[in-house]
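There are 2 protein chains.
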Amino acid sequence: MKQYATQYELELRENVIPFWEKHAPDREFGGFFSCLDRDGSVYDTEKFMWMQWRIVWMFAELSSTFEANPHWVELARGGFDFLTRHGIDDQGRYCFSLTREGTPATAAYNVYSDCFATMGAAALFRATQEPRYRDEALRAFGVFQGRQVNPKGQWEKSLSGRRPMQKMGYFMMQLNLALVLEQCLGTLDHREVMARNVNYILDMFWNEKLGLLFEYATLDGQFELESMLGRHINPGHAAEAAWLLLYVADLLKQRAAIERACEMLLRMLEFGWDKQFGGIFYFKDALGKPHFEIQWDAKLWWVHVEALVATALAYKLTRRTEFASWFQRIHEWTWSRFPDRDYGEWFGYLNRRGEPTHMLKGGKWKSFFHLPRCLLLCQKWLAEL
Amino acid sequence: MKQYATQYELELRENVIPFWEKHAPDREFGGFFSCLDRDGSVYDTEKFMWMQWRIVWMFAELSSTFEANPHWVELARGGFDFLTRHGIDDQGRYCFSLTREGTPATAAYNVYSDCFATMGAAALFRATQEPRYRDEALRAFGVFQGRQVNPKGQWEKSLSGRRPMQKMGYFMMQLNLALVLEQCLGTLDHREVMARNVNYILDMFWNEKLGLLFEYATLDGQFELESMLGRHINPGHAAEAAWLLLYVADLLKQRAAIERACEMLLRMLEFGWDKQFGGIFYFKDALGKPHFEIQWDAKLWWVHVEALVATALAYKLTRRTEFASWFQRIHEWTWSRFPDRDYGEWFGYLNRRGEPTHMLKGGKWKSFFHLPRCLLLCQKWLAEL
């Protein structure tokens, strides 16, 4: 396993960071282009808040944990200035997108914009120790927490007939943010949130009998197997949750949670792996009934890189050979299909057979985040073996 | 061309209507099940308003224009009663979905619910001549018209930075509804709306130079080629628009519009056809840049059946051999892949290669509508040749 470390480090250093350093910064208006075609050319200039703050986070994080680089910190600072100047609405929420020039284009219907702002600002504090970044991280985190009761606000479409459901992603995000805040702000203030969310995710969303991590659960932790939404399974989300659970459970010495998260990861990889063409499905129905999304059988870069992170960490913590086998299997499938050796970076979207359906390197939902985070974490953890 | 008529009629009579007659009606609570698996078993009981009213429309329409059948009228009446009792919110709008029992589940964010209600109620008036159905058709149509200025209401997400855009689908729907109201209510009240919309769609959304029907145009009929939304092309929508344009232009003797709609249809089929695997793409980017939807290259039943309707009508009106060739090409591709000879009805979703990705016969977006409408119209028009 250790021998992979160099490959992950080189890919990050030579094939991924340079692509985004070169093509993403909008040197005229500030912020970043995330809609980058195969060769890095811009095919849309809209500035989607998730993508913008994730780029801020990644450049700042790299400078703190990969190698100190003032240029990356400058790029992150530039993003921060543009986004805090233009992106906040009159209720303190981040809107979902801006025009290239910085005029709000899409309203703040999505609470995860505030989450990625929290991450980006916190990482900038870690990289610079300037209090204004910590202040913005805590402010945005407070906005996210304040939106807990009705996260979608006026844009909520559910009515009384729909049974209230909890979303796994929400608790995974809480766990993620608490960890980032601890690492970046250097406080222990969020330990209790972390410990609580580890158990909550496993208690509420992990169904050991079926071997499935559900995306939706009722408020008392039941699964709505009679509805297609209740049966919705997202193996990539499960992998991402798995490594966050493992990382935090290890940090907090929650041994039972490590065991449970390992079991969850193994069962979900088994469930999500495509026995016919290889790779991990985007979505599945818990009972094998029709999935409501056309693209359920696509193979997405982020699903595969999150699974690499999860299996690498599970192996590091447990040394169980199943995790090394899974890592190698996913590694082979992923690295022989996603990387673009001609123009750099990786393709994002393959069909079930593993052939690219899109040439883009970035878009509304893909930027400088899952792939470099995977390469960063794996090169570190594998080298430490 | 004429020889196909029998095949279309038999498919409707023997393979499609019986499936929905048998599996769709909810005999306990009223309304219909639209989430039907391959064998007709129900995999979700949510009652999506588009799907519900389309089923009402189809059964009523079949009884008026295919063959008189009191059972079909009873099914449509039952749907009408359930939907008018449970589906209307305090502002008179149809909500987007109900639970099986009829409790509102999803709010009225989508204005097309009111449109399909208009169609369903109007067809019931045609089938029964009972005034209450005409009243509801005109009431729902009025609600749709009244929502013109801000169709999404509180659920609108666009802010000042986004240039206001017109949607082709909105005007296509107006055209469609005006035609349905004329045919079903037996008045000429909507002629002016029809004539106006024919020209408006062609003037605003058809770009002759590029040979593309755009989904979005600025308020003065420009195309935003620098944004991915502005470049969004939907060949199935273009085919559906084409036959509505042709039908109405023929009815109103708008000869120039017939010419233009024929040209549009031919260019859009050329653009939308997959030269590698056959079939018509779901979406494309006007300039060949990356499309923003993962599923752009899927092959959907409704796209193909709308293209059959359009080419059949274009051939009937013009007798140009290109349309017969296109009809035959689409017919071959469609009929050798979509029909399910084991359990009846057609598959809805194929991948780019033409292999089914879903076994469902109905769902959140597929019910008893595009396919039977195609079979109904084609058997009629082809027999008249």
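Sequence lines, in order, name chains A and B.
Per our numbering, numbering of the first sequence is gapless, rising by one per residue and ending at 385.
Per our numbering, numbering of the second sequence is gapless, rising by one per residue and ending at 1385.
Using N, Cα and C, we set each Cβ at its ideal position, and we do this for glycine too.
Do residue i and residue j have their CB atoms nearer than 7 angstroms?
| i | j | result |
| --- | --- | --- |
| L1229 of chain B | Y1216 of chain B | yes |
| L53 of chain A | F116 of chain A | Note that residue 53 of chain A is Trp in the sequence shown here, rather than Leu. Contact flag set, yes. |
| R1132 of chain B | M1359 of chain B | no |
| F1338 of chain B | F1327 of chain B | no |
| M1268 of chain B | V1180 of chain B | no |
| W1296 of chain B | F1283 of chain B | yes |
| D279 of chain A | G354 of chain A | Position check: residue 279 of chain A holds Gly in this sequence, whereas Asp was assumed. In contact: G279 of chain A and G354 of chain A (Cβ atoms closer than 7 angstroms). |
| Y966 of chain B | L1375 of chain B | This structure cannot speak to residue 966 of chain B, because chain B is shown only from 1001 to 1385. |
| W1206 of chain B | L1313 of chain B | no |
| S1064 of chain B | A1127 of chain B | yes |
| F323 of chain A | T311 of chain A | yes |
| F1214 of chain B | E1101 of chain B | no |
| V198 of chain A | P151 of chain A | no |
| E90 of chain A | A108 of chain A | Reading off the sequence shown, one finds Asp at residue 90 of chain A, where the question assumed Glu. No. Outside cutoff. |
| A242 of chain A | L210 of chain A | no |
| F1144 of chain B | D1114 of chain B | yes |
| A1286 of chain B | R1341 of chain B | no |
| E208 of chain A | E306 of chain A | no |
| K1364 of chain B | F96 of chain A | no |
| W57 of chain A | A137 of chain A | no |
| S227 of chain A | D1220 of chain B | no |
| P1104 of chain B | G161 of chain A | yes |
| I294 of chain A | Y1349 of chain B | yes |
| L1036 of chain B | K1366 of chain B | no |
Quick one: give me the first and last residue of the alpha helix (DSSP H) that residue i is part of.
| i | result |
| --- | --- |
| P1235 of chain B | 1235-1251 |
| F1018 of chain B | Strictly speaking, residue 1018 of chain B in this sequence is Pro, with Phe absent from that position. Its alpha helix (DSSP H) spans residues 1017-1023. |
| D114 of chain A | 112-128 |
| D1044 of chain B | Element bounds for D1044 of chain B: not the alpha helix (DSSP H) but the beta strand (DSSP E), 1042-1044. |
| A298 of chain A | Taken as a continuous stretch (DSSP letters only), A298 of chain A belongs to no alpha helix (DSSP H), as it is neither H nor E. |
| A286 of chain A | It is not in any alpha helix (DSSP H) - A286 of chain A carries neither H nor E in the DSSP assignment. |
| K380 of chain A | 370-383 |
| I330 of chain A | 321-335 |
| Q1007 of chain B | 1004-1010 |
Just verifying my parser: in three-state terms, what is the DSSP assignment at residue i?
| i | result |
| --- | --- |
| C95 of chain A | coil |
| N197 of chain A | helix |
| Q1052 of chain B | helix |
| W365 of chain A | coil |
| D1274 of chain B | coil |
| D1037 of chain B | coil |
| A68 of chain A | coil |
| M1168 of chain B | helix |
| H1291 of chain B | coil |
| N150 of chain A | coil |
| Y1349 of chain B | strand |
| L308 of chain A | helix |
| H190 of chain A | coil |
| F281 of chain A | coil |
| F32 of chain A | strand |
| S160 of chain A | coil |
| L1185 of chain B | helix |
Would you please state the rounded distance, in angstroms, between the beta carbons of residue i and residue j? I believe it to be under 8 angstroms.
| i | j | result |
| --- | --- | --- |
| A1076 of chain B | F1059 of chain B | 4 angstroms |
| I55 of chain A | F32 of chain A | 5 angstroms |
| N1351 of chain B | R352 of chain A | 7 angstroms |
| Q1254 of chain B | A1195 of chain B | 7 angstroms |
| G1169 of chain B | H1237 of chain B | 6 angstroms |
| W155 of chain A | K1157 of chain B | 7 angstroms |
What are the start and end residues of the beta strand (DSSP E) that includes residue i?
| i | result |
| --- | --- |
| T1357 of chain B | That residue, T1357 of chain B, is in no beta strand (DSSP E); it is neither H nor E in DSSP. |
| A1105 of chain B | 1104-1106 |
| A217 of chain A | 216-218 |
Is there a C-beta anywhere in chain C that falls below 7 angstroms from the one on residue i?
| i | result |
| --- | --- |
| M1165 of chain B | Of the protein chains in the structure, A and B, none is chain C. |
The region 1363-1382 of chain B: which residues have C-beta closer than 8 angstroms to a C-beta of chain A, in chain order? G1363, K1364
For the region 327-355 of chain A, list every residue whose C-beta sits within 8 angstroms of some C-beta in chain B, in sequence order. Y349, N351, R352
Members of the region 140-159 of chain A near chain B, C-beta cut-off 7 angstroms: Q154, W155, K157, S158, L159
Using a beta-carbon distance cut-off of less than 8 angstroms, what residues from the region 1235-1261 of chain B approach chain A? none
At a CB distance below 8 angstroms, what residues from the region 1032-1052 of chain B approach chain A? Give them in sequence order. C1035, D1037, Y1043, D1044, T1045, E1046
Contact set between the region 295-317 of chain A and chain B, restricted to residues whose Cβ is under 7 angstroms from the partner: Q295, D297, A298
Give, in chain order, every residue of the region 1109-1130 of chain B whose Cβ lies closer than 8 angstroms to some Cβ of chain A. Y1109
Under 9 angstroms, CB to CB, which of the residues in the region 1276-1288 of chain B have a partner in chain A? Y1282, D1285, L1287
Mind checking the region 1190-1214 of chain B against chain A and listing, in chain order, the residues whose C-beta falls within less than 7 angstroms of any C-beta there? none
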